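I have placed the structure first, in the form of structure tokens, so that the comments after it can refer back to it.
Protein chains in written order, with the numbering used here: chain A, 2 to 722; chain B, 0 to 523.
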């Protein structure tokens, strides 16, 4: 179910795109033309006969045009620009003509087809997407005809019995390859119309030349070939404008074909199911055209956003790194040396709590450690007590969720600087000291540390490693400069007690209490900064399942937090500043942009299969190269080894998609049932789909598997903004 | 992230066969060792040797669950943390106790394409010794690496489907041949801890009798059809027929035999004998294996990549070796890397490289393969079989990823479990299925053509049958394959010096007699 809706949306988008490509002759188009062949198997009377070829019966016959009748025929239309002009000219001179429309164009511009019929013109088939039928199978020919009729029915509610084969000319040009097709088409009930005079207007030979070529000798009747589509047709329109009065003066009449022959109309009304099928088809094509236009705009937006973001990140993170790495850089007049309270909320962390606490013991900064056991059932608290370490206290509470545990920890903390970390995170000896240095600046209310992935040898770990390094070294530096850091990671963050108290401590209004508190800090006027050297090692989810539930919580929680703090948009003071600068920026980059990101892949797939494949791959590689440059810069800032970047191409092909499907699901939740759950989401902090409370994970029973991420309940770190 | 069991069997190799318990004490030791190497010295349950990786930690007996789990590995090579970076030694966590393999005697049966068992096995009629039994799903293959078995089954099915429908994209979807050679290479490397000559002899002995059975039938049909090998232009004449006995080259066959109106298509000989190149390639790989393994242990990377380089030379038209020798060299080069990759898998090389490196590099190699293929499309488009370098690189990358993830299943997990019997059966009869499938595909045609003679076949039904013909072939070929398993499959058992069985799908528990009876019942 979780994949169903997002994938349905993607499939629908893809289908729309394909339909569009289909009626734009990007899919299934066949531009081959049969070379000329011998004509010894074409009946003599056809070769020497007229342009109206009737092969419906047993013996083929052909008809000549009566004298002083000129039947204008226009191929390949309708065209949105030139067909209306042709129709206008014809109307002006009270002339009727025949339009041989292709199915693709008729589907795209049904209104024009309808107007042709209303103006008294006749419409004939010119296949669906204009292949040389002598190269096609019988099945394809059938399909070309029926699909063309379908489009016609949808556009004008009629069927027609007139047909002109693509690439055709005069009757004497029939050859051994095209004649069997003509015979076959006759057997399907169509009359094939070729022509007597070819204006060759597609060559754009000039108005006079078009007229000269179109004009028959003496007072002969003729079928004239012209085009109303396929390029600039202003010569055709101008030629018509003078040809019509000129020929009328010579006594010619301009009728449509059946009028000229004095036979019943070639049109028949379509009713019932066929009509509805046609209408549905035309409607679908219209929808795909519109959707595609929207998609293209979306793609442009996402492109601009992506590149703007990359540019901004590179620029601002460079500025940030230069600033904090200056030799004389100091946060305040003197370094922070006062002791710090470290809060470790833990829920069923038996496997790692010992590592966590022992890593804190090596801290070079004076600390006290408070482990808040949030009702664990696996003896987490006893493990810590069993260590008998000085400066480590255990506080127990009934399971009440991470925000409550943190608040309890704050209440129990002795000191004014408070560091929060997760029960499965490991600090370096210098982490706490580095993390609290920014508090030398009295305006700093909270500090985000640098969370790093510990298990980065697996593929999914390597991907997250890249993501974390980029997220911390580019995103967070940028947000630091812009003063709108959206999230202090739960794995490593520090707060000033006075600031925490002013904003009312942690809240369980949202699934992402760390984003929530950070936004609250901004609104209260505190600065939130990034301390690059405060590294914490955390274990990233090892399975798609766990990653999914973690990210689902993050992205949904972020949406909740943005929604919760929406009033900042209209407030005054620092809150308003954050609301009008930070909040839109965060929404744009974290909520809107990822939502449009799938477009890149949809267009990539489409381009790969139908479009200009090489250009598509080239463009993708170009974007990849930009990503790689950004990632490499981030890795250099963090002094990380570049080897992990080798998994960047695959990350772009697999991981990113997973992330936006998660985001799409969050959107769906937010738009459908989100508000209902708003206040219920406390205590466990596990959303419906989270596999959560399986201590040791579902794979615990599989021998040899690495211990999986600890239960997702209530202690999800959120290191990456 | 599979430690445990795989480490288990490598440890076993380290201690060498000499370290194995006395086989006479437990007849199933052989089987277990054949399949998994000697288990680690500690035969106790995991955890009995305490908590590795817990140096400096107080006793944690109060929390028994800790003994079941490994310590997390935070170790970061750049910045080791004082406590957290204590390496987690691989320990015998999941090394199966001996009873594991012994639980089901069937487990000793290795697929014949990749026969791991050459030594005489204790007949399964020996009463089962009292070994600790593990609860096991009925029919579970037990003791075997079911993941590899599953891959082999998939490869076989893919080959049959591909030969039937001829869909070129199947070669991209799942490069069967590369997978089969890799699995065979892995098993070969495992067996080669014994004297090489015996291993090679055993492999060949298990390969030939099934081939002979097939050769007799096909040759008889060809001669009845009027084939005269001496009239072949580019063949060795009658001498070439020796390849039907020992496939040192691909056996010759006439390009056209019989008439178009005959019972079988006039290209049936091509179709039937065409796949025999695999046996030739397999034979040469087996013979070359001791050398390859020796080279691999000295210069692993060079040995692993050398066949790819060779493919780039002989598979791209750069250097052209004419005739059957050229084919043999090209096949050897194209699949050589897969074979050696199988050896690397067994030797543990793949485990030493971080997974993300393997997968990412494999993806790049595969991307190169696709790119190369796109510029060198053959007569069937994306059919990699016609594009040696693309086939070599794509298969190499594909197999590397499959083997890197190799989870070493003791039994098929979850929903896959329902395929257990089919997987076991197809693995036990892999040679039979491979040899005969193409002839059987051809045989479906005259059978299906009978349908046209049915009295109620009107135009509509005839048309429907025409359009769905391939589908019916696909439906029909499986019963025919089942028949061939019953009919000639037992030769594989004879070749392996086992008592023949009709339907070895692993559904028996103890005692071959009962099993045979049941097998027979099933076969009917």
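Using N, Cα and C, we set each Cβ at its ideal position, and we do this for glycine too. As the structure is a prediction and not an experimental result, all values here were calculated from the model.
Bridge partners of residue i, per DSSP?
i	result
residue 453 of chain A	A:538
residue 228 of chain A	A:76
residue 268 of chain A	A:161
residue 49 of chain A	In DSSP, residue 49 of chain A forms no bridge with anything.
residue 372 of chain A	A:345, A:395
residue 194 of chain A	A:53
residue 496 of chain A	A:419, A:447
residue 123 of chain A	A:99
residue 330 of chain A	According to DSSP, which records beta bridges pairwise, residue 330 of chain A is partnered with nothing at all.
residue 223 of chain A	A:71
residue 565 of chain B	No answer is possible for residue 565 of chain B: it lies beyond the span of chain B, which begins at 0 and ends at 523.
Does the Cβ of residue i lie closer than 6 Å to at least one heavy atom of the ligand SAM?
i	result
residue 142 of chain A	The ligand SAM is not part of the structure shown, which contains no ligands of any sort.
If residue i and residue j are in contact, beta carbons under 8 Å, what's the gap, nearest whole angstrom?
i	j	result
residue 506 of chain A	residue 400 of chain A	Actually they are not in contact, since the Cβ atoms of residue 506 of chain A and residue 400 of chain A sit about 18 Å apart, beyond 8 Å.
residue 489 of chain A	residue 449 of chain A	4 Å
residue 557 of chain A	residue 673 of chain A	No, residue 557 of chain A and residue 673 of chain A are not in contact; Cβ-Cβ is about 12 Å, not under 8 Å.
residue 446 of chain A	residue 527 of chain A	3 Å
residue 581 of chain B	residue 400 of chain B	Because chain B spans 0 through 523 in this model, residue 581 of chain B falls outside it and cannot be assessed.
residue 289 of chain B	residue 272 of chain B	Their Cβ separation, rounded to whole angstroms, is 29 Å, which puts residue 289 of chain B and residue 272 of chain B out of contact at 8 Å.
residue 324 of chain B	residue 314 of chain B	No, residue 324 of chain B and residue 314 of chain B are not in contact; Cβ-Cβ is about 14 Å, not under 8 Å.
With 8 Å as the limit, tell me which residues of the stretch 351-362 of chain B have their beta carbon closer than that to any beta carbon of chain A; keep them in chain order.
353, 354, 355, 356, 358, 359, 360, 362
Could you name the residues of the stretch 138-152 of chain A whose beta carbon sits closer than 7 Å to any beta carbon of chain B, in the order they occur along the chain?
none
Only counting runs of 4 or more residues, tell me where the alpha helix (DSSP H) segments fall wholly within the stretch 220-287 of chain B, in order along the chain.
267-272
Inspect the CB distances between the stretch 376-395 of chain A and the stretch 455-463 of chain A and report whether three or more fall short of 8 Å.
no
Of all the alpha helix (DSSP H) runs that stay within the bounds of the stretch 500-578 of chain A, which reach a length of 4 or more residues?
514-524, 545-565, 574-578
Does the stretch 204-213 of chain A touch the stretch 60-76 of chain A, meaning 3 or more C-beta pairs lie closer than 8 Å?
no
Given 8 Å as the limit, is there contact between the stretch 434-443 of chain A and the stretch 345-363 of chain A, that is, 3 or more CB pairs closer than that?
no
Counting beta carbon pairs with one atom in the stretch 443-461 of chain A and one in the stretch 528-547 of chain A, are three or more of them shorter than 8 Å?
Output reads yes: the stretch 443-461 of chain A touches the stretch 528-547 of chain A.
Members of the stretch 358-369 of chain A that neighbour chain B once the beta carbon cut-off is set at 8 Å:
359, 360, 363
Kindly provide the ranges of any alpha helix (DSSP H) runs that are 4 or more residues long and lie completely inside the stretch 578-654 of chain A, ordered along the chain.
Correct list: 584-588, 594-610, 614-638.
How do the stretch 340-354 of chain B and the stretch 177-194 of chain B stand: do at least 3 beta-carbon pairs fall below 8 Å, yes or no?
Counting C-beta pairs closer than 8 Å gives three or more between the stretch 340-354 of chain B and the stretch 177-194 of chain B, which meets the contact rule.
Check whether the stretch 158-172 of chain A touches the stretch 129-146 of chain A, taking contact to mean three or more Cβ pairs, one atom from each stretch, closer than 8 Å.
yes
Go through the stretch 51-115 of chain A residue by residue and report every complete run of the beta strand (DSSP E) that reaches 3 residues or more, in order.
Fully enclosed beta strand (DSSP E) runs of 3 or longer: 53-55, 62-64, 70-78, 98-102.
Identify each residue in the stretch 459-472 of chain A for which the Cβ-Cβ distance to at least one residue of chain B is less than 9 Å, and report them in chain order.
459, 460, 461, 462, 463, 464, 466
Touching by the beta-carbon criterion (3+ pairs, under 8 Å), the stretch 270-280 of chain A and the stretch 237-253 of chain A:
Output reads no: the stretch 237-253 of chain A does not touch the stretch 270-280 of chain A.
Scan the stretch 441-497 of chain B and note each continuous alpha helix (DSSP H) run of 4 residues or more that stays entirely inside, going in chain order.
458-466, 468-487, 489-494
Could you name the residues of the stretch 608-637 of chain A whose beta carbon sits closer than 7 Å to any beta carbon of chain B, in the order they occur along the chain?
none
By the 8 Å beta-carbon criterion, what residues does the stretch 548-573 of chain A contribute toward chain B?
none
Curious, which full-length alpha helix (DSSP H) runs of at least 4 residues does the stretch 381-451 of chain B contain?
Taking 4 residues as the minimum length, the alpha helix (DSSP H) runs contained wholly in the stretch 381-451 of chain B are 387-403, 419-427, 429-448, in order along the chain.
Can you list, in chain order, the stretches of the beta strand (DSSP E) that have 3 or more residues and sit fully within the stretch 250-309 of chain A?
268-270
Any contact between the stretch 568-577 of chain A and the stretch 496-511 of chain A? By contact I mean 3 or more CB pairs, one from each, below 8 Å.
Segments in contact, no.
Counting Cβ pairs, one atom from each stretch, are 3 or more of them under 8 Å apart for the stretch 81-101 of chain A and the stretch 253-265 of chain A?
Short answer: they touch.
Taking Cβ-Cβ distances below 8 Å as the criterion, which residues of the stretch 108-132 of chain A are in contact with chain B?
none
So if I threshold CB-CB distances at 7 Å, which residues from the stretch 651-673 of chain A count as touching chain B?
651
Spell out a yes or no on whether the stretch 367-378 of chain B and the stretch 420-430 of chain B are touching, meaning 3 or more CB-CB pairs, one atom from each, closer than 8 Å.
Cβ pair count under 8 Å is below three, so no.
Quick one, which residues of the stretch 231-253 of chain A are near chain B if we go by CB-CB under 7 Å, in chain order?
Listed by position, the residues of the stretch 231-253 of chain A near chain B (Cβ gap below 7 Å) amount to none.
Just checking, does the stretch 197-212 of chain B make contact with the stretch 305-318 of chain B on the three C-beta pairs under 8 Å criterion?
Result no; under three Cβ-Cβ pairs closer than 8 Å.
For the 8 Å Cβ check, are there 3 or more pairs between the stretch 47-60 of chain A and the stretch 186-199 of chain A?
Output reads yes: the stretch 186-199 of chain A touches the stretch 47-60 of chain A.
When the Cβ atoms of the stretch 656-667 of chain A are set against those of the stretch 588-598 of chain A, are three or more pairs found closer than 8 Å?
Note that the stretch 656-667 of chain A touches the stretch 588-598 of chain A; at least 3 beta-carbon pairs, one per stretch, sit closer than 8 Å.
Meets three-Cβ-pair contact criterion under 8 Å: the stretch 360-380 of chain A and the stretch 341-348 of chain A
yes
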